[in-house]
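Everything below concerns the one structure shown next.
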Amino acid sequence: MADRPHPDRDLIQGEWTEKTLVEKLLEPVEKPPPRPWRVIVAVGFALTLAWLYAIFVTFVQGLGTWGINQPVAWGLDIVHFVWWIGIGHAGTLISAILVLMRQNWRDSLNRLTEAMTFFAILCAATYPLIHMGRPQNFYWVFPYPSSLAMWPQYKSPLSWDVLAIMTYITISILFLYLGLIPDLALLRERSQGWRRKLYGWLSLGWTGSAVHWQRYRAVYVLLAGLATPVVISVHSVVSLDFAYALVPGWHVTIFPPFFAAGAIYSGFAMALTLIIPLRRWYRLEGVITERHLDWMAKVTLAAGLGVAYIYLLEIFIAWYSAEPAEWAQQVWRMTGPYAPYYWAMMLINVVLLQTLWFPRFRKNLTWLFIFSILANVGMWLERFVIVVISLSHDFLPGNFRLYFPTWVDWTLFLGTLGFFLFGLALFIRLFPPIAVAEMVHLFHKLRKH
Amino acid sequence: MLYGLMAYFDSPERLLEALRALRGAGYRHLEAFTPNPVEGIEEVLGGDGRIPWVAFALGVVGAGLGLFLQIYTSLDYPLNAGGKPLLGWPAFIPVTFELTILTIAVGIFLYLLYVNGLPLADHPAVRARSYVRVLLDEYGVLVYASDPRFDLEGTKALLETLGAEVEEVRRA
Numbered sequence: 003m004a005d006r007p008h009p010d011r012d013l014i015q016g017e018w019t020e021k022t023l024v025e026k027l028l029e030p031v032e033k034p035p036p037r038p039w040r041v042i043v044a045v046g047f048a049l050t051l052a053w054l055y056a057i058f059v060t061f062v063q064g065l066g067t068w069g070i071n072q073p074v075a076w077g078l079d080i081v082h083f084v085w086w087i088g089i090g091h092a093g094t095l096i097s098a099i100l101v102l103m104r105q106n107w108r109d110s111l112n113r114l115t116e117a118m119t120f121f122a123i124l125c126a127a128t129y130p131l132i133h134m135g136r137p138q139n140f141y142w143v144f145p146y147p148s149s150l151a152m153w154p155q156y157k158s159p160l161s162w163d164v165l166a167i168m169t170y171i172t173i174s175i176l177f178l179y180l181g182l183i184p185d186l187a188l189l190r191e192r193s194q195g196w197r198r199k200l201y202g203w204l205s206l207g208w209t210g211s212a213v214h215w216q217r218y219r220a221v222y223v224l225l226a227g228l229a230t231p232v233v234i235s236v237h238s239v240v241s242l243d244f245a246y247a248l249v250p251g252w253h254v255t256i257f258p259p260f261f262a263a264g265a266i267y268s269g270f271a272m273a274l275t276l277i278i279p280l281r282r283w284y285r286l287e288g289v290i291t292e293r294h295l296d297w298m299a300k301v302t303l304a305a306g307l308g309v310a311y312i313y314l315l316e317i318f319i320a321w322y323s324a325e326p327a328e329w330a331q332q333v334w335r336m337t338g339p340y341a342p343y344y345w346a347m348m349l350i351n352v353v354l355l356q357t358l359w360f361p362r363f364r365k366n367l368t369w370l371f372i373f374s375i376l377a378n379v380g381m382w383l384e385r386f387v388i389v390v391i392s393l394s395h396d397f398l399p400g401n402f403r404l405y406f407p408t409w410v411d412w413t414l415f416l417g418t419l420g421f422f423l424f425g426l427a428l429f430i431r432l433f434p435p436i437a438v439a440e441m442v443h444l445f446h447k448l449r450k451h
Numbered sequence: 129m130l131y132g133l134m135a136y137f138d139s140p141e142r143l144l145e146a147l148r149a150l151r152g153a154g155y156r157h158l159e160a161f162t163p164n165p166v167e168g169i170e171e172v173l174g175g176d177g178r179i180p181w182v183a184f185a186l187g188v189v190g191a192g193l194g195l196f197l198q199i200y201t202s203l204d205y206p207l208n209a210g211g212k213p214l215l216g217w218p219a220f221i222p223v224t225f226e227l228t229i230l231t232i233a234v235g236i237f238l239y240l241l242y243v244n245g246l247p248l249a250d251h252p253a254v255r256a257r258s259y260v261r262v263l264l265d266e267y268g269v270l271v272y273a274s275d276p277r278f279d280l281e282g283t284k285a286l287l288e289t290l291g292a293e294v295e296e297v298r299r300a
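Protein chains in written order, with the working numbering: chain B, 3 to 451; chain Y, 129 to 300.
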C-alpha cells in the first residue's frame, strides 16, 4: 500500500511467492535429509543408549557410582540440571518476549528454539530425578494425601522448584504445540499414509477458519505473556535453591537476576550453535539471514554483559561484606586447585565476550559458531564454580574436600547431549523447524504492505 | 449432498470485501478460511472478546488453589522450620504464582479448543478439492447451502463478480 518498502523487508531475502516459500520451509520434512542429519541421528542415538546405561548403573548400584561426597553432595548432576534449564530459556524468550515486542525477526527462529527448550527441559528434569537416590519415590514431591500423613514443605525452595519446572515444561509444550497446529493442518493436506494420519490426529482437525484464527491469536499472545514471567521465575527459583542455603559463595541476594542473565546468555548461545549449521545444511539463508544472527549475537552480548557484571560484583561483595568465610571462598576460587576452571570461565564469559561488540566478529559466522560453543562451555564452568567449588570449601577446614566426577557422571552428561541432538534431529524431520504459517504471514506483511 | 460453495480469493483485502458484500446481501451461514490471521476480520464476522476474561477468571481460581494448597498443608502438618511463622505468606508467593500461571495456561488452551469446536474429525470445507490452497496462499469463503439466501446459480454469480474462483462442495 505504501510506496516505501517495509523496514524489515530484508528479513526474507530472495525471490519467493507464498507457494515457493512454503515448499522451501517444508523441505526438512518432505525431502530426504542431508547427510549430516544422518550422522547426528546416529551419534545422538549411540549417546542416548550410553545415557540409558549410565542411568541403569545408577539405579542398580546406587549413587555411590557418582563422584559426590560430603560436603560436595551436589556434583555434576546439579551442574547439568542448572545448565540445561538455562539453555532452555532462550526458546521461550525468543517466542514469548519477542512476540509481545512485535519483533518480526523472531518468526524465523521461534519454532526451532521452542523445540530446543522442550528437549533441554527434558534433559534437565532427569537430573534431580535420578539424583534423588530413590527415584521410584519421586511422587513424594507432589501433594497427595498419603498414609504417611505428610505434605511437601512449601516453605522450601526445593518444592518451589518442582512446581516451577513442571509449570515451565507444561507451558513450553503448550506454546510449541499451539504454534504447530496450523502447520500440522497444512502437512496433513500435503502428506499420505502414516504421516497423514499422524498429522491428522495432531492437528485436531484445524481448518483455518478465520474466526478460529482470531481466537487462536488471542490465546497465543496470552500464553506468550504468561510464559515470559515463568521463564524469569524458573531460573530465579532455581537460584533460590542455592541462595536459601548459608554456604559461602551461594548466599548472595543477586542470585535470581544472575541466574536469569546466565540462562539467557547460554540459551542464545545454544540457539546459535544449532541454527548456524542448520541454516547451512538446509540452505535456509533466505529466511535466517545474517541480520537474524546479528540480532542473536547482540542479545547474547547483552545477557553476557549482565553475567560478567555480576562476576565482578560477587568479588566486590565478598570483599565488602568482610565475612571471612565468604572472602576465603572467593580466594579459593581464584587460587585453589579449581582455579583453572574459574579463570577459564572468566576468560570466556568476560574477555572473549567483548568481541561481540564489533560487527566484524558478529558477522563472522565461523567465530560466532565457535564463540557460541565456548559460551556454553563458559556457562558450564560457571555452574561448576557455583556448585562444586562453593561446596568443596565451606566453613570448617576439616570439611574441605575435592570432588572427582566418575565415568558415570560424564556418561550421564554426554548422554543428555546425545539425547538432545537426537530428539531435535527427529523433531525437524517430523515437524517444520521454521513456523510456516507465521513466515507466510510475515512474508505477506513485508511484501504486500 | 451439496454443502455449499467454496470461493477462493487471492488476497485478504479481497476476502474482507467479499465478506462485507455477502453480509450486505443478507447471507448469514458462511465461514472464512485463511492461511494466517486476517486483521479486521472481527468487524465482519464478529470478534470474540471473552478470552481475556476467561483467562482472568482462571487466574483467580489458580491463585486461590495455590494459596489453599499451601495453607491447608501447613496447618495439617505443622512444621517448625527455623522458627518461621507457620503461615509465612511471603514464602507462599512462588508456588501461588506458578499455580496461577499453570491453571491459566492449561485452562485457556482447553477453552480455545472448546470454543473452536476442536478436535474435529470432519468438516465440509476439507472436502473441497482445492481446500489445501486456503492453508497455503489463498483466502476462502464457504457459503453453506443451508443459508436461507442460498441459491446455487445466484450465489455463484455473486461470488464470481466479487472476483473469486468458485467450487461446489459436495459429500464424497
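Think of the CB as a built atom: it goes at the ideal place given N, C-alpha and C, for glycine as much as any other residue.
The structure displayed is predicted, hence computed values, not measured ones.
Starting from residue i and walking both ways along the beta strand (DSSP E), at which residues does that stretch end?
i: Ala160/Y; result: Leu158 to Phe161
i: Val269/Y; result: Tyr267 to Tyr272
On the DSSP letters alone, give me the boundaries of the alpha helix (DSSP H) that residue i sits inside.
i: Val333/B; result: Pro326 to Thr337
i: Leu173/Y; result: Ile169 to Leu173
i: Phe137/Y; result: Note, Phe137/Y: premise wrong, no alpha helix (DSSP H); beta strand (DSSP E) at Leu130 to Phe137.
i: Val234/Y; result: Ile221 to Asn244
i: Gln63/B; result: Arg37 to Gln63
i: Leu416/B; result: Trp409 to Leu432
i: Thr302/B; result: Glu292 to Tyr322
i: Leu101/Y; result: For chain Y, the structure presents residues 129 to 300; residue 101/Y sits outside this window and is missing.
i: Ala185/B; result: Ala is not the amino acid found at residue 185/B; the sequence shown has Asp there. First-last of the alpha helix (DSSP H) with Asp185/B: Pro159 to Arg192.
i: Arg362/B; result: Pro361 to Arg364
i: Arg197/B; result: Gly195 to Ser205
Measuring CB to CB, does residue i end up less than 9 angstroms from residue j?
i: Leu383/B; j: Trp76/B; result: no
i: Pro163/Y; j: Tyr267/Y; result: yes
i: Leu28/B; j: Ile14/B; result: no
i: Asn244/Y; j: Ser211/B; result: yes
i: Ser235/B; j: Pro222/Y; result: yes
i: Leu295/B; j: Leu189/B; result: no
i: Thr172/B; j: Leu227/Y; result: no
i: Leu426/B; j: Ala52/B; result: no
i: Leu49/B; j: Pro407/B; result: no
i: Val213/B; j: Ala265/B; result: no
i: Arg364/B; j: Lys300/B; result: yes
Mapping the DSSP letters down to three states, classify residue i as helix, strand or coil.
i: Met3/B; result: Caution applies to Met3/B, whose pLDDT of 46 falls short of 50 and renders its modelled position unreliable; the value that the coordinates give is listed next. If DSSP states are grouped into helix, strand and coil, Met3/B belongs with coil.
i: Gly192/Y; result: helix
i: Ala292/Y; result: coil
i: Phe402/B; result: coil
i: Val223/B; result: helix
i: Tyr259/Y; result: coil
i: Lys21/B; result: helix
i: Leu248/B; result: coil
i: Phe211/B; result: The question names Phe, but residue 211/B is Ser in the sequence shown. Looking at Ser211/B - three-state DSSP - the assignment turns out to be strand.
i: Arg11/B; result: helix
i: His395/B; result: coil
i: Tyr116/B; result: For the sequence presented, residue 116/B should be read as Glu rather than Tyr. Three-state DSSP puts Glu116/B in a helix.
i: Thr255/B; result: coil
i: His82/B; result: helix
i: Leu448/B; result: helix
i: His251/Y; result: coil
i: Asp109/B; result: helix
i: Asp243/B; result: helix
Could you tell me which residues DSSP pairs with residue i in its beta bridges?
i: Ser97/B; result: Its beta-bridge partners do not exist; DSSP assigns none.
i: Tyr205/Y; result: Partner(s): none; Tyr205/Y has no beta bridge.
i: Arg298/Y; result: Leu130/Y
When the cut-off is 9 angstroms and only beta carbons count, does residue i lie next to chain Y?
i: Ile312/B; result: no
i: His465/B; result: Nothing can be reported for residue 465/B, as the shown portion of chain B is limited to 3 through 451.
i: Pro434/B; result: no
i: Lys33/B; result: no
i: Ala151/B; result: yes
i: Met134/B; result: no
i: Lys157/B; result: yes
i: Ile173/B; result: yes
Check whether the Cβ of residue i lies closer than 9 angstroms to any Cβ atom in chain A.
i: Gly288/B; result: Of the protein chains in this structure, namely B and Y, none is chain A.
Quick one: is residue i near chain B, going by C-beta distance under 9 angstroms?
i: Phe237/Y; result: yes
i: His251/Y; result: yes
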